[in-house]
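Single-structure report; data block below.
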Amino acid sequence: MSLTTVSFSYPAKPLPKWPCTLPKPPPRARCRFVVRADVKVISSGEACRRGLAAGIDKLADAVAVTLGPKGRNVVIDQDDVPKVINDGITIAKAIELPNAVEHAGAMLLQEIASKTNSSVGDGTTTAIILAREIINLGLLAVATGANPVALRKGIDKAVHELIGILKTKCIPVSTKEDIKGNFVTWEAYITSTEIRNNKPYPLD
Numbered sequence: 000m001s002l003t004t005v006s007f008s009y010p011a012k013p014l015p016k017w018p019c020t021l022p023k024p025p026p027r028a029r030c031r032f033v034v035r036a037d038v039k040v041i042s043s044g045e046a047c048r049r050g051l052a053a054g055i056d057k058l059a060d061a062v063a064v065t066l067g068p069k070g071r072n073v074v075i076d077q078d079d080v081p082k083v084i085n086d087g088i089t090i091a092k093a094i095e096l097p098n099a100v101e102h103a104g105a106m107l108l109q110e111i112a113s114k115t116n117s118s119v120g121d122g123t124t125t126a127i128i129l130a131r132e133i134i135n136l137g138l139l140a141v142a143t144g145a146n147p148v149a150l151r152k153g154i155d156k157a158v159h160e161l162i163g164i165l166k167t168k169c170i171p172v173s174t175k176e177d178i179k180g181n182f183v184t185w186e187a188y189i190t191s192t193e194i195r196n197n198k199p200y201p202l203d
């Protein structure tokens, strides 16, 4: 019995190198989102003080006309609908100035009016007028060489003394009878002043 040997031959292939590297996928298109903030205006020195004072004056002038029982009204164009208003806080919040530094000055008074309104619910116009005078005189003092820190301490001390004086002059009321009695006393004072001066008592 004879055996036949059959051999098969295959084409030689090079063995892959280790570590094996896979083909890289094609690059994907990347979407880039560019976010740019609004331009910030940096101001300092005398130019900054003048801009702040200008914005403060513009807002205070618009609000001051509503002070007192004889105060005038202000027309605000809100949502293309004109509204007649004599409330200081509403007028202050409606004011927006195109100049960034002036708008920052106006926002100072808006913040003062908001805190006054949230604390006592009234007196925003008076607070704005007083703040305008304090800020303008403070800026003038700084421009002439005053120390801002010492100026702040002086204002705080003056406010503390003023509060003490007001507490000694105020009349506490708790009932409707107290309010009525004080009103009668105040009305008698106004009448006597008008008779003495021969002219109406200035209420504004």
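With numbering that gives the first Met the number 0, the residue at position 5 of the sequence shown is 4, and numbering never jumps.
We treat Cβ as the ideally placed atom computed from N, Cα and C, and that holds for glycine.
Being a predicted model, the structure only gives us computed values, none of them experimental.
Cβ contact annotation for Thr124 (same chain, cutoff 6 Å, sequence separation greater than five): Val62, Thr65, Leu66 and Gly87, in chain order. Residue burial annotation: Gly120 is exposed, with fewer than 16 other C-beta atoms found within 10 angstroms of its C-beta. For the pair Leu129 and Gly137, the CB atoms are not nearer than the 8 Å cut-off. The three-state reading of DSSP puts Asp79 in coil, since its state is none of H, G, I, E or B. Using a 10 angstroms sphere on the CB of Thr143, the tally of other CB atoms stays under 16, which defines it as exposed. At a Cβ-Cβ threshold of 8 Å, Ile75 and Ala46 do not count as neighbours.
Across the structure, Lys114 and Leu108 are spaced so that their CA atoms are roughly 10 Å apart. With 16 or more other Cβ atoms from the protein chains shown falling within 10 Å of its own Cβ, Ile111 counts as buried. Exclusion of the five residues before and after Asn135 leaves Ala52, Ile55 and Asp56 as the residues of its chain whose Cβ lies within less than 8 Å of its Cβ.
Per DSSP, the beta bridge partners of Ile84 are Val73.
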